[in-house]
Amino acid sequence: MSEELLRERIVSFVNSTLLSTSGVPVGAETPLFERGALDSLQVLDLIAFVESETGRPLPDSAIRLTNFRTASAIAATVFHADGAVRPSRDRIWSRTRSRRTSSSALVPDLEREILRWGQELGAREVLPEPAIATAALARAGYLESFPGRAVFPRSAVDATGRQAIPPAACLQCYAELADRGLDAAPLVLSVRNHCAGGDEAVDADHGRLREFTMREIVIIGSANDVDRARRALMRRAQTYVARLDLSATIEVATDPFHIPADRGKLALQRLRALKYELRMPVRGQPVAVASFNYHEDFFGRAFGITLPDGTLAHTACVAFGLERWQLALHDQLDESSDLARTA
Ligand code: 5GP
Ligand code: ZN
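Note that the sequence shown covers residues 11 to 353 in my numbering.
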């Protein structure tokens, strides 16, 4: 690829993908950041794009505002960067080792990223109770759809069955808003909780733990609002895995976690792509590390949540399973430091 071609490709990517709905089109010499045409997260999309176009990672030293001022400057940087461009695995490895001690440091890093993605969408962080009212699970249709799967605390303090361990972090957000009209929409919340009751047999080797930690971004608003936010978050997550050079796929999933399902609904779910999963290999088997769910007005209806215009709220949630990230990151980034393997 020539420098000219790369310049053109960058201009067209910025205009068609990054600025598709807003903003004045840019040219090769238009400042991309100074006038706020692009935000700080879009720069990551841009870096990922340039790297995928050229098939080469940009060295950290090249990622400077002066090099990214315009499409021309980016293309020139790529073509005139010193010979410091190393193979991609190498770079990630050295980056991981120099900046972070191991993959375990990346889980807090991921959580900070998720919080930032939420903030971009105007999210408020909420701290849920560790347990969820069993009545709320019933109202969500969970007890009926997944009989026998709810997990109750074993402590003597509350063995009454009134409280359960949440099967997903977002449910308490809907329960909290029950029978209320939102003053403004969309409402975006960041939430994290210890969860239990996953739908699989326990298989700790492959990240199937039954008890796990979920960090979510929850969006409550119109169909349009929540779908747009879900897609934006999917792009953020894709860029994040591309930046870390991880192998991962995003696929339409068919196993709803917290919406009732029967065969017809599952088929419909696939057709409408209501649930996407980000999957990464753990010991050679793909596991879902995150899901991007659009529930239509299911929870709005179940919990009686309405929008300022009186219509039922639509909801979406983007959920990250932190233990699975830990396992997947360890598998991909710590290969050569795996003590078990050298022992
Ligand atoms: P979902 O709502 O899609 O079922 O769950 C969201 C994310 O939480 C999943 O992509 C996964 O990372 C995590 N998760 C869900 N169920 C389990 C489970 O049984 N075990 C573990 N370790 N993680 C889970
Ligand atoms: Zn959720």
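Yeah, the Cβ is synthetic: ideal placement off N, Cα and C, and Gly gets one too.
beta-carbon residue i near the ligand 5GP non-hydrogen atom, thresh 8 angstroms
| i | result |
| --- | --- |
| SER12 | no |
| GLY331 | yes |
| VAL10 | The requested residue 10 does not occur in the structure, where the chain is confined to residues 11 to 353. |
| VAL34 | no |
| GLU287 | yes |
| VAL262 | no |
| PHE59 | no |
| VAL297 | yes |
| ARG246 | no |
| PHE222 | yes |
| ARG334 | yes |
| ALA258 | no |
| ALA300 | yes |
Residue i (DSSP reduced to helix, strand or coil)
| i | result |
| --- | --- |
| ALA183 | It is worth fixing the name first, because residue 183 is Cys in this sequence and not Ala. The answer is helix: DSSP assigns CYS183 an H, G or I state. |
| HIS340 | helix |
| ALA133 | coil |
| THR80 | coil |
| GLU261 | strand |
| THR249 | helix |
| SER232 | coil |
| GLY191 | strand |
| VAL21 | helix |
| ALA242 | helix |
| ALA283 | coil |
| THR40 | coil |
| ALA206 | strand |
| PHE156 | coil |
| LEU254 | coil |
| GLY151 | coil |
| GLY355 | No information on residue 355 is available, as it lies outside the stretch 11 to 353 that the chain covers here. |
| ARG220 | coil |
| PRO118 | helix |
| SER113 | helix |
| VAL34 | coil |
| LEU48 | coil |
Heavy atom of the ligand ZN within 8 angstroms of residue i beta-carbon
| i | result |
| --- | --- |
| GLU135 | no |
| GLU226 | yes |
| LEU181 | yes |
| ALA178 | yes |
| ASN303 | yes |
Contact check, residue i vs residue j, beta carbons under 9 angstroms
| i | j | result |
| --- | --- | --- |
| PHE302 | ARG240 | yes |
| VAL292 | ALA247 | no |
| VAL24 | VAL34 | no |
| ARG354 | GLY320 | The structure shown does not extend to residue 354, since the chain is modelled only from 11 to 353, so the question has no answer here. |
| LEU197 | ILE230 | yes |
| ALA143 | ALA206 | no |
| LEU42 | THR76 | no |
| GLU221 | VAL299 | no |
| GLN173 | ALA141 | yes |
| ALA252 | ALA58 | yes |
| ASP55 | LEU28 | yes |
| SER200 | LEU120 | no |
| THR259 | GLY331 | no |
Those residues which DSSP pairs with residue i across a bridge
| i | result |
| --- | --- |
| PHE330 | ARG225 and ALA300 |
| HIS305 | In DSSP, HIS305 forms no bridge with anything. |
| PRO291 | PRO296 |
| SER200 | GLU135 and ILE227 |
| SER27 | Correcting the residue identity first, residue 27 is Thr in this sequence and not Ser. THR27 pairs with nothing; no bridge assigned. |
| ILE175 | VAL161 |
| ALA143 | GLN173 |
| LEU322 | THR316 |
Point to revise | At least 3 beta-carbon pairs within less than 8 angstroms: the stretch 114-133 vs the stretch 178-195 | key: Contact annotation: the stretch 114-133 does not touch the stretch 178-195, with fewer than three C-beta pairs closer than 8 angstroms.
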